[in-house]
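Asker: In my numbering, the protein residues as written are 167 to 257.
Mind having a look at this structure? Questions to follow.
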């Protein structure tokens, strides 16, 4: 049951129009990242090591969409504070 609930939340996240727009812009680079929705923040986390050129491409796309890179050692991520209209997904 817990796994179904988690899948449902992930499915809802991927149906968000803002995230769909990002996925479209990122193209195949989306395979290097994962989206994590918080209450007021959307995080984009690297899944593993990303080559410098690909990281820069992802960074440029996300930066244009209001994200900024948050350095946290090996656990860095891109973060964006969500506006109320973007925060429609209940987790």
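All C-beta atoms, glycine included, are put in the ideal place defined by N, C-alpha and C.
#1: Taking the continuous alpha helix (DSSP H) assigned at residue 185, which residues delimit it?
#2: Identify, in the order they occur along the chain, each residue of the same chain with its Cβ nearer than 8 angstroms to the Cβ of residue 217, setting aside the five sequence neighbours on each side.
#3: Between the stretch 207 to 216 and the stretch 232 to 244, can you find at least three pairs of beta-carbon atoms closer than 8 angstroms?
#4: Do you know how far the Cα of residue 249 is from the Cα of residue 232?
#5: Taking 7 angstroms as the threshold (C-beta atoms), are residue 189 and residue 196 in contact?
Answerer: The answer reads as follows:
#1: For the purposes of this step, residue 185 is identified with residue 19 of the chain shown, where counting begins at 1. Element bounds for residue 185: 183 to 192.
#2: One-based indexing of the chain shown puts residue 217 at position 51. No residues qualify anywhere along the chain.
#3: Yes, since at least three Cβ pairs between the stretch 232 to 244 and the stretch 207 to 216 fall closer than 8 angstroms, the two stretches touch.
#4: As a first step, residue 232 must be located in the chain shown, where it is residue number 66. As a first step, residue 249 must be located in the chain shown, where it is residue number 83. Approximately 11 angstroms between the Cα atoms of the pair.
#5: In the chain shown, counting from the first residue as 1, residue 196 sits at position 30. In the chain shown, counting from the first residue as 1, residue 189 sits at position 23. The answer is yes: Cβ separation under 7 angstroms.
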